[in-house]
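Chemist: Sharing a structure with you now.
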Amino acid sequence: MAYLPIFIFLFMVVLCQSDDRLTPAKPLLPSEVLISDGGVFALGFFSLKNSSSSYVGIWYNNIPGRTYVWIANRDNPITTNLPGKLVFTNSSDLVLLDSTGRTIWMTTNNSTTGGGETASILLDSGNLVIRSPNGTDIWQSFNYPTDTVVPNVNFSLSVAYGATRLVAWKGPDDPSSSDFSLGGDPSSDLQIVAWNGTQPYWRRAAWGGELVHGIFQNNTSFTMYQTIVNTGNGYYLQLTVPDGSPSIRLTLDF
C-alpha cells in the first residue's frame, strides 16, 4: 500500500501528457477538449446562442467568456442532432465527421509522412499543427486564419506568397463567412485593404519601407509590434508582444 500513491501519481502524469494532442488512437469527441501544454488555448466542439449548429474551434482557455480565434468548419457546421468527432488519420490528416460518417472538414497536407509518432498538437501560441516524427510541422492552422490573427502568425500579404485574408463573422452568433474581408492589396504588397465583397471598403496607408511600427495602448499597459518581413518571395505581417503581455489579437469585426 505504501507504493499506491506514487503509482497513482505516475499514472495521472502519463494520462495528462496527451491532453494537448490527437493521435490515430485518440479522436476528439463533443464532450472533450484539448488544452495546450501551458493551458493558454483550448480546442473543442461548441455551439453558439440559439443555434442548432456545432463547430470545432480554438479559444482562449483562461479568459472568462469564450473568445474564439479559429474555426475549422465555419461554413459547414454540424447539426446538433448529428454530433460528430474530430479524428487524426493514419495518413496524417485531421478529419471532422458527423455521426453518419460524412466528412464535414479535413486538412490536405499532401504528405505521406505517417506512423504512430505523428500527431496533431495544440500549441500555446494558438496554432494547431500536424507534427511529423522529426518535428516538422506539415500542416498548421496559422496558415488558414478565419477572422483573427494572434501574435506570431505569419499573415501573408503577397499573392505570389499565397496571400490570405481575414473574413469577418456574419454576426455575433453566426461565425460563417460574411462579405467583409481584410488582406494585402494584390497591387501593393505593403498595403492592407478591407473589402466589402469585391469592392475596396478601407485602405491603410502603404508602408514606406520602415520595418516595424510600435502600437501603444493609451494607458501604455502593453506594447504590440507590427513587423513586415520580406522573404524574397513576398511579404508577410507578424504581430509580436513582449513576454507577460495580456492576451492580444487582431480581429476583423462584423
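In case it helps, mature numbering (1 follows the signal peptide of the UniProt record, and there is no 0) puts the sequence shown at residues -18 to -1, 1 to 236. Note that beta-carbon positions come from the ideal geometry of N, C-alpha and C, so glycine has one too.
1) Return the chain-ordered list of same chain residues with a C-beta closer than 6 Å to the C-beta of residue 224, the five sequence neighbours on each side being excluded.
2) My output table needs one value for residue 125: the three-state DSSP class, helix, strand or coil.
3) Give me whichever residues DSSP pairs with residue 106 in a beta bridge.
4) Please report the distance separating the alpha-carbon of residue 30 from that of residue 17.
5) Under 7 Å, do residue 5 and residue 36 count as touching if we go by C-beta distance?
6) Would you mind stating whether residue 129 and residue 234 have Cβ atoms separated by less than 7 Å?
7) If you draw a straight line from the alpha carbon of residue 170 to that of residue 1, how long is it in whole angstroms?
8) Grouping DSSP H, G and I as helix and E and B as strand, with all else coil, what is residue 132?
9) Thinking C-alpha only, which one of 119, 227, 70 is nearest residue 11?
10) Specify the secondary structure class of residue 223 as computed by DSSP and reduced to three states.
11) Compute the Euclidean distance between the alpha carbons of residue 44 and residue 175, then round it to the nearest angstrom.
12) Does DSSP put residue 194 in a helix, a strand or coil?
13) Hey, out of 236, 72, 9, 47, whose CA is closest to residue 156's CA?
14) I think residue 220 touches residue 136, with their Cβ atoms under 8 Å apart; what is that distance to the nearest whole Å?
15) Exposed or buried, which one is residue 228 when buried takes at least 16 other CB atoms within 10 Å?
16) Taking C-beta to C-beta, are residue 107 and residue 134 nearer than 7 Å?
17) Per DSSP, what kind of secondary structure is residue 149 in: helix, strand or coil?
18) How would you call residue 138, buried or exposed, if buried means at least 16 neighbouring beta carbons within 10 angstroms?
19) Measuring only from the beta carbon, is residue 40 closer than 6 Å to any heavy atom that is part of the ligand PLP?
20) What whole-angstrom Cβ distance do residue 88 and residue 78 have, given they're in contact under 8 Å?
21) Can residue 160 and residue 150 be called in contact, C-beta distance under 7 Å?
22) Work out the CA separation of residue 100 and residue 119 for me, nearest whole Å.
23) What residues match up with residue 181 in a beta bridge as DSSP calls it?
24) Measure how close the beta-carbons of residue 53 and residue 66 come, nearest whole angstrom, since I'm counting them as under 8 Å.
Modeler: Based on what the coordinates show:
1) none
2) helix
3) Paired residue(s): none; residue 106 is not in a bridge.
4) 20 Å
5) no
6) yes
7) 43 Å
8) coil
9) 70
10) coil
11) 32 Å
12) Note on residue 194: pLDDT 46, under 50, position unreliable in the model; the coordinate value appears next. It is a strand residue.
13) 236
14) 6 Å
15) exposed
16) yes
17) strand
18) buried
19) You won't find the ligand PLP in this model; it holds no ligand whatsoever.
20) 7 Å
21) yes
22) 10 Å
23) 178
24) About 14 Å; that fails the 8 Å criterion.
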